[in-house]
Amino acid sequence: MMISQEIKEIVATKAEQLWDIAHAIHGLHELKFEEVESASLLTYWLEEQGFEVNREVAGMKTAFVAHRIVGHHGPTVAFVAEYDALPELGHACGHNVIATMSVGAGAALATWLEHHNRAGHVMVIGSPGEEGGGGKIFLLDQGAFAHVDIAMMLHPAAKDEVAPEYLAREGIDVDFFGVAAHAAAAPEKGINALDAVVMFYQMLHALRPRFRPSDRIHGIITHGGDSPNVIPEHTSARILVRSKDADRVHDLLTWVEHAAEAAARGTGCQFRWSRFVPFYNNVRHNSSLVALADQVFREFDRMPVTMAEAHGSTDMGNVSHVLPSFHANIGLGDGLVTHTHGFCAAADSEAGRQAMIDGAGILATMGARYVSDLGLQQAVRENFDGMTQDN
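Residues in the sequence shown are numbered from 1 upward in steps of one, following the UniProt record's numbering.
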């Protein structure tokens, strides 16, 4: 029997419990670093599956690392779980599905290893706060990935993609400071910080003709003043800058800084900027894992496509620069867009359930193939080392 068929049968025995957890997490819609109940649901289930669970890892109350060791001296395969929701939109990024795919994959792989008397160390790393909090960065810094040979996860999307482009990203807050005055009685005594932030925002739009295909600068004005009859003395904007790699993001940040400086000088204001989220690096795809995934997706009757469009950003990108990693997309339905109410509904639908089942099976099958194939292990490592040397 093919490995994928064996894994399918194992996942099928756990699917009902996993979907109950996914549905519950969807209803909780806990925000970044507050995923207390979601983490509890996942960790207690992992303990029932024979995993040893370490909670409150890397100083985060909702992070966890679960271990299940089968045999001796086998490779270490980690599946990464995310479970935070978005403000107002809930699980419009499908993290309830991500979480249960990863814990399901971990349990299925451990069961398969035991059935075949193969050695392997299976980990499930619970990473809170992906939506802007950078949980994986803290986990990396504190050594949670230190002995991992490969780290893998799948993300819900519209279509199945084995090598989607995820961009490097920086986030900054820009504050402008002027002088308050009565807007009708003495406007000449004021320095209008609203003019500065509006000019700044318009300058960002004026940069677009210079953009390369993967460049993104987008944001909002977070404070524009307090009263229409007072010249605003303080305004602010929150900006995200993305592109294909860290070097290009740095270039774009220089443009943004120059725009802020010009807006401040032109209006007589002062300005200040600061980072409001950790830096997310681009995802580096391991070609050996991508080739394996393309095959395994098809064994699960999913036909991955190659998309030209860039997706968002993820702290899994930071992981991919430290160790061999796999981060791909599993489809919930054509036309869906993440961070929308429609995607939130899909993450709790039959399509979400099927993606969870297939995704857990795909990840576990990839893990089983990796553990069983010394040549694949070497190819994955050589591919990662080659990318590292190129940089």
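Note that beta-carbon positions come from the ideal geometry of N, C-alpha and C, so glycine has one too.
Looking from the CA of S349, the closest CA among A151, E47, A206, W19 belongs to W19. Residue environment analysis places D175 among the buried positions, since at least 16 neighbouring C-beta atoms fall within 10 angstroms of its C-beta. For D358, the uninterrupted alpha helix (DSSP H) run begins and ends at 350-372, by DSSP. One thing to note: T306 has its Cβ no nearer than 8 Å to the Cβ of Y166.
DSSP lists V65, V80 as the beta-bridge partner residues of I125. Contact between the region 103-112 and the region 42-57 is present: 3 or more CB-CB pairs across the two stretches fall below 8 Å.
Cβ-Cβ distances below 6 Å link A66 to L46, F51, V53, V124 in the same chain, with the five nearest sequence neighbours on each side left out; the list follows chain order. Under DSSP, F176 forms a beta bridge with T235, F271.
Taking C-beta atoms as the reference points, I231 and N192 count as a pair closer than 8 Å.
One thing to note: T365 has its Cβ no nearer than 8 Å to the Cβ of I25. Nearest to A310 by alpha-carbon distance, out of R242, L28, K61, is R242. In the same chain as F177, and ignoring 5 residues on each side of it, the C-beta atoms closer than 8 Å to its own belong to A193, E233, H234, C269, Q270, F271, R272, in chain order. The beta-bridge partner set that DSSP reports for V241 consists of E170, I217. DSSP places F300 outside both helix and strand once states are collapsed to three, so it counts as coil.
Looking at the DSSP output, G312 shares a beta bridge with no other residue. With a contact defined as Cβ atoms closer than 8 Å, H341 and A92 qualify at about 7 Å.
Residue state for R212 is assigned as coil, using DSSP reduced to three classes.
By the neighbour-count criterion, in which 16 or more other beta carbons inside 10 Å mark a residue as buried, A185 falls on the exposed side. In the structure shown, H155 adopts extended strand secondary structure according to DSSP, grouped into three states. In the DSSP assignment, A328 falls within the unbroken beta strand (DSSP E) covering 325-331. If you draw a straight line from the Cα of Q389 to the Cα of P75, it is about 23 Å long. Nearest to V148 by alpha-carbon distance, out of H73, Q295, F211, A183, is H73. T267 and A181 have their C-alpha atoms roughly 15 Å apart. Secondary structure of H182 (DSSP, three-state): strand. Judged by DSSP in its simplified three-state form, L86 adopts strand. With respect to V77, G361 sits apart: the two C-beta atoms are not nearer than 8 Å. For V53, there is no enclosing alpha helix (DSSP H); the enclosing beta strand (DSSP E) has its first and last residue at 52-55. In the structure shown, the three-state DSSP call for V70 is strand.
By the 16-neighbour rule on beta-carbons within 10 angstroms, G335 is exposed. The C-alpha of A237 lies about 15 Å from the C-alpha of H258. Check the Cα spacing between P278 and each of G27, G129, D247, A22: the tightest is with G129. G106 has no beta-bridge partner at all, per DSSP. Within the model, the alpha-carbon separation for A85 versus E30 is close to 5 Å. The three-state reading of DSSP puts E131 in coil, since its state is none of H, G, I, E or B. Comparing alpha-carbon positions, the option among R369, Q377, D215 lying closest to V296 turns out to be R369. In this structure, I221 keeps its C-beta atom at 8 Å or more from the C-beta atom of V256.
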